[in-house]
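First the structure, in the form of structure tokens, and then the observations on it.
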DNA sequence: TAAATTATTGACCCTTCGGTCAGTAATTTT
DNA sequence: AAAATTACTGACCGAAGGGTCAATAATTTA
């Protein structure tokens, strides 16, 4: 029982040096999000990418390098997009906050990438190298991004003079938690609620909480 | 190299049937919170409790039963306390919401137990039995508890007519995220912020978002 | 077509860990 | 003190999985 190959149609294996890395990171993203970091088997990643484990090691130094490649390829572009959005935005800060949060949700939260934060929070303690990598390349940048939005709102007299550092965390928490729910016990809890319904109430509460004038209807 | 025993002072082991279960669940809580569910070794749990792995199996059927015991012993009493608080509360709903959230933080979030939600979210997918156990015994009860507070506020004309289901998740998200940060990459992010500072801004934003009258200063 | 090159394989090594159980030692009973 | 009871131990088993590497097959070069 040697189960010779994986490809039913082509008994022989093909040599496709160019395509391998992308196929491997795609497969890895699927499995990392589904199983977590430690529980993902490199055998399975390789199999899903249509190669053997040995091939995986030809393109990546190991599990850690593979994971970093997944994050760099998937999350950093989304952050860059958010940064350029803020840099060139002309409207009021309420609209900007909406645009940034919705953008994060559209590019990360609603995609398979939305499972990465959960994985990081969960396994940071057991994999310090990955934790510091993610902290430096994603969390710091993301925090700075949101801080700039809040600070802009305060500077323009649109938001109250909140504690920016704390508020960034309060603003992003419901977004992160929706990603986390979606990738764990999502089953019944928020299952019946659409993204639209969730974020509508989220913005209503959050912007009422941030607005300087308590008279509402600033939009 | 047999490393005969663990206890340096008493070469002999003691028989303490009554004390073992509590010592084992205490050790297990420490390690589950520190390492996560899958990564916690029963050998280590036993060692921290001062017994051998064999002894652990005398008191618990295995890892899963041990974990359930930890949750039942640690989290369910806190939920019960919240329920009785709501049942007998006389003040306005804003105060009640504050009391319930602060209570959850005091009894769970700020304790080692605050590491449990992270573990559950992270490993629910890999351990369905634990996920459904936690969902039925903790999440449903907790959601119902918070729903009753929001509904009370709406019924008394203190809160806007928000979507209760969604709002429960929005209200608890920053609390859960603070637990999660504290037990993962807490390092720099919220490290400099006290619980008081965090929750002060949290209540300010959340209650402005919930209040019916937009004139502020309802407290 | 033959030789050289290189992408790919998968069996293998080694460690880890949940779970088992025959044996040992502490305690109680007689 | 001897016998009976039972709390406790730790060596062991089997499965799992990260990482290695000699062998093999596809492709390129001569």
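Protein chains in written order, with the working numbering: chain A, 43 to 261; chain B, 43 to 261.
Just so you know, even glycine gets a beta-carbon here, dropped at the ideal spot from N, CA and C.
{"Check": "At the 8 angstroms Cβ level, is residue 110 of chain A part of the contact set with chain B, yes or no?", "Outcome": "no"}
{"Check": "Using a Cβ distance threshold of 8 angstroms, determine whether the segment 181 to 200 of chain B contacts the segment 116 to 136 of chain B, with at least three qualifying pairs required.", "Outcome": "yes"}
{"Check": "Rounded to whole angstroms, what is the Cα-Cα separation between residue 226 of chain B and residue 69 of chain B?", "Outcome": "19 angstroms"}
{"Check": "Distance check for residue 113 of chain B and residue 180 of chain B, CA to CA, integer angstroms please.", "Outcome": "9 angstroms"}
{"Check": "May I ask you to report which of helix, strand or coil DSSP gives residue 57 of chain A?", "Outcome": "coil"}
{"Check": "Inspect the CB distances between the segment 88 to 101 of chain A and the segment 115 to 131 of chain A and report whether three or more fall short of 8 angstroms.", "Outcome": "no"}
{"Check": "Report yes if the CB atom of residue 243 of chain A is closer than 8 angstroms to the CB atom of residue 209 of chain B, and no otherwise.", "Outcome": "yes"}
{"Check": "Considering only C-alpha positions, which residue in the set A/167, A/239, A/109, A/187 is nearest to residue 207 of chain A?", "Outcome": "A/187"}
{"Check": "Could you name the residues of chain B that residue 218 of chain A contacts, counting a contact when the two beta carbons are closer than 7 angstroms?", "Outcome": "219"}
{"Check": "Using a Cβ-Cβ distance cut-off of 8 angstroms, determine whether residue 113 of chain A contacts chain B.", "Outcome": "no"}
{"Check": "Does the Cβ-Cβ distance between residue 251 of chain A and residue 183 of chain B come in under 8 angstroms?", "Outcome": "no"}
{"Check": "Rounding to the nearest angstrom, what Cα-Cα distance links residue 201 of chain B and residue 221 of chain A in this structure?", "Outcome": "27 angstroms"}
{"Check": "Could you tell me how far apart the beta carbons of residue 95 of chain A and residue 85 of chain A are, in whole angstroms, since I believe they sit closer than 8 angstroms?", "Outcome": "5 angstroms"}
{"Check": "Could you list the residues in the segment 162 to 189 of chain B with a C-beta less than 9 angstroms from some C-beta on chain A, going in chain order?", "Outcome": "162, 163, 164, 165, 166, 167, 168, 173, 174, 176, 177, 181, 182, 185"}
{"Check": "Taking residue 157 of chain B and residue 123 of chain B to be in contact with their CB atoms under 8 angstroms, please state how far apart those CB atoms are, rounded to whole angstroms.", "Outcome": "The pair is not a contact, with the Cβ atoms about 20 angstroms apart (cut-off 8 angstroms)."}
{"Check": "Could you pull the DSSP bridge partners for residue 169 of chain B from this structure?", "Outcome": "Partner(s): none; residue 169 of chain B has no beta bridge."}
{"Check": "By the 10 Å Cβ neighbour count, where 16 or more other Cβ atoms means buried, how is residue 61 of chain A classified, buried or exposed?", "Outcome": "exposed"}
{"Check": "Any idea what DSSP makes of residue 253 of chain A, helix, strand or coil?", "Outcome": "strand"}
{"Check": "List the residues of chain B whose Cβ lies closer than 8 angstroms to the Cβ of residue 76 of chain A, in chain order.", "Outcome": "167"}
{"Check": "Classify residue 102 of chain B as helix, strand or coil using the three-state DSSP reduction.", "Outcome": "coil"}
{"Check": "Going by DSSP, what residue range makes up the alpha helix (DSSP H) through residue 192 of chain B?", "Outcome": "182 to 197"}
{"Check": "Going along the chain, which residues of its own chain have a beta-carbon closer than 6 angstroms to the beta-carbon of residue 247 of chain A, five neighbours each way excluded?", "Outcome": "none"}
{"Check": "By Cβ distance, which residues of its chain are closer than 8 angstroms to residue 101 of chain B, with the 5 residues on each side in sequence left out?", "Outcome": "62, 63, 66"}
{"Check": "Cα-Cα, which of A/215, A/175, A/204 is closest to residue 107 of chain A?", "Outcome": "A/175"}
{"Check": "Is there a Cβ of chain A sitting closer than 8 angstroms to that of residue 191 of chain B, yes or no?", "Outcome": "no"}
{"Check": "Taking only beta-carbon positions, decide if residue 85 of chain B is within less than 8 angstroms of chain A.", "Outcome": "no"}
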